[in-house]
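Below is one structure, written out as structure tokens; the observations come after it.
Protein chains in written order, with the numbering used here: chain A, 10 to 203; chain B, 10 to 203; chain C, 10 to 203; chain D, 10 to 203.
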């Protein structure tokens, strides 16, 4: 099975340790060791791109290796890219309906991405729709503390070249290891008029 | 014209000053002065309720005093409840369409709420639809630092008793004066199936 | 050997999971699941008290079990109560002298508390001075995001009843597991006049 | 009277507005507007240097224009560089003694810098000692959210070339206007042995 996409961004713990080692080896005028837990724009863009690549990878795993492989990979992606280990994630996927609109548990997210869960009978697996490319066009970004929120259009292109664009908001939290994790995710189809 | 709804939450500056005065007047064992810039759940619930009341108030101003009064009140509400003074706000209103989906400027937000702006020809004024009640049912909340994000259903009831429910995400930032300001707002109609 | 003092404060991850389980089991009107990574005053006071108890415990381990036990316990306390795993800690102990004033590495902190490190020849072990009680009297506290800073007097009483008071600043960071960790610690003897 | 030193650092509000204007004027592929409330190392270094320059300026105002001018300038510096408008500041100056060790109010800080306050009889005015230069040598820095804490040596050189070095910790908070403000300040003379 192909490995899960690399969702790890700048590990501030490792960077700080390296700065510390460097400082110890240099004369007094050398750079001051700095711990920095804040998030930056480049990290956010990398995390967005990794999300898109992971979605495509889950679909390809399904096509080439079957449902079990897709499900296993989706689980890895969720554990790596979302913040369910912190508690509920504020996740409103594009295609969910009431009363299961919000997927604040890991199980609800997994059902949405790969389906096959009797507890979520409406879910057919968003990641299994043959996506080949994911493009993110941010409208604006808000960085505060160890979180960053983005809003913009995300366009999915499937294996037949059909394109679907959604309005999407993500909030990323940088965890203690320096990895960005999605803690808020609101996705919706465009309003099409009355 | 009726006053703008009170959107001010706990002013931490004033609270800190009061704690300081108290501590100065009491013996050594008294409470330690504490500055606390974090946000709490009660403040978030109050800010959500205030948003709903403000929306209703704008509509009533329109009905009883006309478009100019509604527009003036909407401007006050935006300046009081949103964070446009910090820069772009990540605002995806319920009923906007491309290429004007995102309203990251104050002008775009004002046009959405009260219409009447030639630069936004599709906007008819969301606040002018005769809303009488706004109910918020949060699915989950994420508080970090001086921000809090909520996700859930918001139901609008108009003067004829007709109810409209949307999926809504808000991120509030506590400013230096202790007021919560909306810096992210993603609202969407429910998905209705393929 | 006696166990390391319990330095664990409110684990927000566990609390969030519990809230989530509760919410799933209750009707719709039940409490909303909330993730809250901010820090509160009670957690800070508990972490201060735990620091004092740990200091006394290290000294008692030395008296009853010898240097190796004291050193092992001091290592556990540092790993549990400080943030060296994040990178450099801003630690200026009470009794250090130039050019080893600042102890930004774990090794430097350990040498300060229990001595016996040839690389820090001036260190005789602050924790080995027979402390029996540690009292904290905060002058003020500043809570922001997932950190809290305190400033005040800390008084150490030794086995002969002799009391030593220092001026002390601590900054605590709440890590992903909900534990408060010292990332800044500045301690100094009072100024005694020109 | 000479103007107060410029303590203003990068105004994120203005920067965000500029980015917004730029984005509006450019094609779709242009840079995304970003609000960023986090603090960076360059801002911290600039704020430290400004503090030193302000201290020298207060002393020179005293020498050339007298006590009233020095007092007025010191008040401006405190209002500009410290966070007393947020509530208590955690300030332990180098030369204070119990029971007035901690100066958590603006009045206490002003008395420390320029003396002449009957309520603080021990204060002779730290800024009035003829300082000509202030050098900061950071040992380490910790940046988290909208705050940064530094620890290191600060050396003051007076008009006779005499040098005094202290151990100093500062915590800066970035306010809504993008200015860094000191909210924690612990300064102490080096330990000189038993």
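We put the CB at the ideal spot given by N, CA and C, even for glycine.
This structure is a prediction, so every number in the text was calculated from the model and none was measured.
According to DSSP, residues forming a beta bridge with residue i
i	result
residue 193 of chain D	D/99, D/180
residue 124 of chain D	Residue 124 of chain D is not bridged to any residue.
residue 142 of chain A	A/166
residue 147 of chain D	D/161
residue 172 of chain B	B/166
residue 156 of chain A	A/153, A/182
residue 44 of chain D	A/151
residue 91 of chain B	B/191
7 Å CB neighbourhood of residue i in its chain, flanking five on each side removed
i	result
residue 122 of chain C	67, 83, 134, 135, 136
residue 102 of chain B	112, 121, 135, 196
residue 148 of chain D	160, 161
residue 77 of chain A	none
residue 60 of chain A	90
residue 155 of chain C	46, 47, 48, 182, 183
Cβ pair residue i, residue j closer than 7 Å
i	j	result
residue 92 of chain C	residue 192 of chain C	yes
residue 106 of chain B	residue 200 of chain A	yes
residue 88 of chain C	residue 184 of chain A	no
residue 163 of chain A	residue 64 of chain A	no
residue 128 of chain D	residue 100 of chain D	no
residue 167 of chain C	residue 124 of chain C	no
residue 175 of chain D	residue 198 of chain D	yes
residue 50 of chain A	residue 43 of chain D	yes
For residue i, the nearest candidate out of the options (CA to CA)
i	options	result
residue 196 of chain B	A/142, A/182, A/161	A/161
residue 109 of chain C	C/89, C/131, C/94, C/90	C/131
residue 94 of chain B	D/165, D/202, D/50, D/187	D/187
residue 172 of chain D	D/153, D/50, D/189, D/145	D/145
residue 141 of chain A	A/77, A/169, A/52	A/169
residue 47 of chain D	A/43, A/202, A/153	A/153
residue 202 of chain D	C/104, C/165, C/155	C/104
Residues of its chain near residue i, where Cβ-Cβ distance is below 8 Å and the 5 sequence neighbours each way are ignored
i	result
residue 97 of chain C	113, 114
residue 126 of chain A	116, 119, 120, 132
Same chain, Cβ closer than 6 Å to residue i, five either side skipped, listed in chain order
i	result
residue 158 of chain C	151, 180
residue 71 of chain B	79, 137
residue 165 of chain A	140, 143, 173
residue 210 of chain B	Because chain B spans 10 through 203 in this model, residue 210 of chain B falls outside it and cannot be assessed.
Are there three or more Cβ pairs, one per stretch, closer than 8 Å when the segment 168 to 183 of chain D is compared with the segment 52 to 66 of chain D? yes
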